[in-house]
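*Asks:*
There are 2 protein chains.
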Amino acid sequence: MQPAEARYNKNSLLLALRRYSLAVSDMEQTILLPSLLRDLPSDELWDCDAAEETCRDLYDNYLMLKAIRNAAESGLIPLDDHKAKKNSALSKTLEPLLDADPEALFRFHLKGLFSVLGDLTKKSQSLTEKYMDIIGVAN
Amino acid sequence: MQPAEARYNKNSLLLALRRYSLAVSDMEQTILLPSLLRDLPSDELWDCDAAEETCRDLYDNYLMLKAIRNAAESGLIPLDDHKAKKNSALSKTLEPLLDADPEALFRFHLKGLFSVLGDLTKKSQSLTEKYMDIIGVAN
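If you're matching them up, the sequences are chains A and B in order.
Following my numbering, the numbering of the first sequence begins with 95 at its first residue and continues without gaps.
Following my numbering, the numbering of the second sequence begins with 95 at its first residue and continues without gaps.
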């Protein structure tokens, strides 16, 4: 009987990372022929107006989900940021936050990371299901 | 000869967390009488206009640095957010980011967490030095 602990565990960043990592492993093991995803339009889960780069087709989504998983697992901050332009736009949005106190900022980024990992987990699961639909395997 | 790896390691989130954790441990071991920090004005490192709550005095700063360290080490997302009001203001700033693609969002929060941990490390070290000044111990 550890309701508080159980609730807390569901909200652990490490658990969110683990869930995402498992979803991507599952995706990799299921999608044996990623090239089948080429030229297939991106899932409705992806906001394609805002993120043209990653929305070209399902194959790009597949590559992106794997790339983020690798970055997430290593916990490394990319130095050579190929998305520098996008990050610069985000940094402008960040400016008002720089005045916030560090505790609020810490919680903001921790929650943000937690939330984006949950989102990516759903996207990985959705892509896996889509692939099974494509090859005609029932879930 | 691993220049790339060495550079990367400096940018690891886990290393940033470890550095912060060590700075707070050092602070705890040095500050044997935290009550001496009461009523002493907050350090110039703290943006006190924007963060009145955490800037009341050095003692509050001390408690906050310890609290964030505990949260950071557990990696848990707080459920009962006593800073809900502040987070709500931050979430409003977040709204434009929600349209961003998940990779950019992931990098944004990862970098943000890295940056805020660096900031908190400096604050912990500065508070430790300030305490030594107060009790008249040379660094």
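Ideal Cβ placement from N, Cα and C applies to all residues, glycine included.
Looking at the structure shown, is B:S218 part of a helix, part of a strand, or coil, going by DSSP?
*Replies:* It is helical.
*Asks:* With distances taken from CA atoms, which of B:D120, B:L157 and B:I162 is nearest A:E197?
*Replies:* Checked all of B:D120, B:L157 and B:I162; the closest Cα to A:E197 is B:I162.
*Asks:* DSSP three-state label for A:S136, please.
*Replies:* Note: A:S136 maps to coil in three-state DSSP.
*Asks:* Is it true that the segment 115-127 of chain B meets the segment 207-227 of chain A, where meeting means three or more beta-carbon pairs spaced less than 8 Å apart?
*Replies:* The segment 115-127 of chain B, when compared against the segment 207-227 of chain A, does not touch it at the 8 Å Cβ threshold.
*Asks:* Flag B:P258 as yes if its beta-carbon sits less than 8 Å from any beta-carbon of chain A, otherwise no.
*Replies:* No answer is possible for residue 258 of chain B: it lies beyond the span of chain B, which begins at 95 and ends at 233.
*Asks:* Quick one: which chain B residues come within Cβ less than 7 Å of A:G212?
*Replies:* Here the premise fails: no neighbours, minimum Cβ distance about 10 Å.
*Asks:* Got a sec, what are the start and stop residues for the alpha helix (DSSP H) B:S115 sits in?
*Replies:* B:S115 -> alpha helix (DSSP H) spans L107 to T124.
*Asks:* If B:F200 sits next to A:V210, beta carbons under 8 Å apart, how far is it from one beta carbon to the other, in whole angstroms?
*Replies:* Rounded, the Cβ-Cβ distance is 5 Å, consistent with contact.
*Asks:* A:I125: buried (16+ other C-beta within 10 angstroms of its C-beta) or exposed?
*Replies:* Result: buried.
*Asks:* Is there at least one Cβ from chain A nearer than 8 Å to B:L207's Cβ?
*Replies:* Closer than 8 Å: yes.
*Asks:* Please check the pair B:A110 and B:F202, which I expect to be a contact at CB under 8 Å, by giving their CB distance rounded to whole angstroms.
*Replies:* Contact flag wrong, Cβ pair sits at about 16 Å.
*Asks:* Exposed or buried, which one is A:E99 when buried takes at least 16 other CB atoms within 10 Å?
*Replies:* Only weak support exists for where A:E99 lies, its pLDDT of 42 falling under 50; the value from the coordinates is given anyway. Exposed, by the Cβ-count rule.
*Asks:* Give a yes or no on whether 8 Å exceeds the smallest Cβ distance from A:L204 to chain B.
*Replies:* Chain B contact via Cβ: present.
*Asks:* Hey, how far is the Cα of B:Y225 from the Cα of B:L131?
*Replies:* About 7 Å.
*Asks:* Decide if B:S240 is buried, meaning its Cβ has at least 16 other Cβ atoms within 10 Å, or exposed.
*Replies:* Residue 240 of chain B lies beyond the residue range present for chain B, which begins at 95 and ends at 233; the question has no answer from this structure.
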